[in-house]
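Report on the structure given below.
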Amino acid sequence: MVAGFESRPLKAAIWLMTAIGLAIIYLPPLYLVAVSFNPALQPALPPLSDISLTWYFALAKERTLISALQESLLVATITALVATGLALLSALAYMDLGKWRSRWFMFVLLPMFVPGIIQGLSLSVIFGRIGLKPFWGTVAASHLLWALPFAFTVILTSMAAVRRSYLLAASDLGASWWRQLVDVTLPLIKPGLVAAFIFSFLLSLNEFGRAFYLVGRQNTLPLAMFGKMNSGASPTIYALSGSIFLASILAVSFVLLAAQAKDRKLHR
4 MVAGFESRPL KAAIWLMTAI GLAIIYLPPL YLVAVSFNPA LQPALPPLSD
54 ISLTWYFALA KERTLISALQ ESLLVATITA LVATGLALLS ALAYMDLGKW
104 RSRWFMFVLL PMFVPGIIQG LSLSVIFGRI GLKPFWGTVA ASHLLWALPF
154 AFTVILTSMA AVRRSYLLAA SDLGASWWRQ LVDVTLPLIK PGLVAAFIFS
204 FLLSLNEFGR AFYLVGRQNT LPLAMFGKMN SGASPTIYAL SGSIFLASIL
254 AVSFVLLAAQ AKDRKLHR
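Here you go:
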């Protein structure tokens with residue numbers, strides 16, 4: 004008699020629930036992508052004969068959205084670079100700690116559990132008290148608090164590829180701590196660094212709550228799109244959303260393929 008997870012009905016139920024969950028997650032953005040190819044003003048699925056790139060070409064005329072996209076790309080790039088660097092240092096510190104590891108882990112992850120509205124409001128008050136006017140840097144500072152814990156987790160996971168025997172062998176050959184880091188650790192965790200950068204970039208690009216309190220004269224993309232939706236949605240928003248969604252999928256796919264290639268290389 005087959006029992007437990009080997010039971011066919013149970014397996015079927017698990018796969019069915021998984022499919023339903025994935026459908027709930029992915030169908031709305033996929034629907035938005037499909038709607039973006041409809042040349043009509045109504046957000047409906049276009050017939051195959053009417054598929055058009057009209058709204059994608061119209062994006063070039065949307066100066067407000069393009070300026071907001073440029074602002075978000077700047078903030079996201081700065082956030083991703085700083086978050087990846089700090090996350091790497093935090094992961095290296097974690098590896099060198101003993102009984103304090105769990106406390107350090109929770110300390111780095113703590114901002115993940117603070118609501119974005121509270122973080123944004125508190126930073127806005129602090130920056131106001133010291134006389135710092137809102138600009139892209141204040142937005143990046145708030146996004147850094149949000150992205151750092153995720154980047155830290157990704158890099159810390161990739162540290163599993165760095166075996167202590169590798170470092171001991173390098174030390175026996177006369178390599179300093181710095182040479183061990185550059186020649187052994189960093190090459191092994193390169194996929195994790197890339198994943199942390201992309202993850203931080205996408206988190207910043209899509210962040211709304213924190214940016215709402217800290218944005219300057221130029222809105223970020225989520226704020227600009229929210230304003231567009233409230234004033235009457237233009238189909239160009241669907242085209243821009245579809246472009247970002249597809250670019251995100253390509254970025255994540257690149258990370259997964261790079262990680263798989265790295266694994267195959269290590270197991271040869």
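All the letters of the sequence shown, read from the start, carry residue numbers 4 to 271 under our numbering. For glycine and all other residues, C-beta sits at the position ideal for the given N, C-alpha and C. In this text the structure is predicted, and so the values were computed from the model without any measurement.
DSSP, read as helix, strand or coil, puts residue 238 in helix.
Proximity of the segment 126-137 to the segment 191-210 falls short of the contact definition, fewer than three beta-carbon pairs being nearer than 8 Å. Out of 257, 194, 247, 162, the CA that lies nearest to the CA of residue 32 is found in 247.
Exclusion of the five residues before and after residue 59 leaves 242 as the residues of its chain whose Cβ lies within less than 6 Å of its Cβ. Under the criterion of beta carbons closer than 8 Å, residue 65 and residue 223 do not qualify as touching, at roughly 15 Å. Take residue 123, set aside five residues on each side of it, and the residues of its chain with a beta-carbon closer than 8 Å to its own are 145, 212, 213, 214, 215, 216, 217, in chain order.
For residue 219, the three-state secondary structure derived from DSSP is coil. In terms of Cβ geometry, residue 16 and residue 208 do not form a close pair [threshold 8 Å]. One Cα belongs to residue 91, the other to residue 177, and the distance between them is close to 24 Å.
When the alpha-carbon of residue 221 is set against those of 14, 11, 36, 77, the nearest one is in 77. Around the beta carbon of residue 143, 16 or more other beta carbons lie within 10 angstroms, which makes this residue buried. By the Cβ rule, the segment 168-182 does not count as touching the segment 113-123, because fewer than three pairs are nearer than 8 Å. Between the segment 26-40 and the segment 248-261, the count of Cβ pairs shorter than 8 Å is three or higher; the stretches touch. Proximity to residue 162 across 98, 22, 20 peaks at 98, based on C-alpha coordinates. Apart from sequence neighbours up to five positions away, the residues of its chain that approach residue 192 with a beta-carbon distance below 7 Å are 158, 161, 162, 164, 165, ordered along the chain.
Here the alpha carbon of residue 260 sits roughly 24 Å from the alpha carbon of residue 244.
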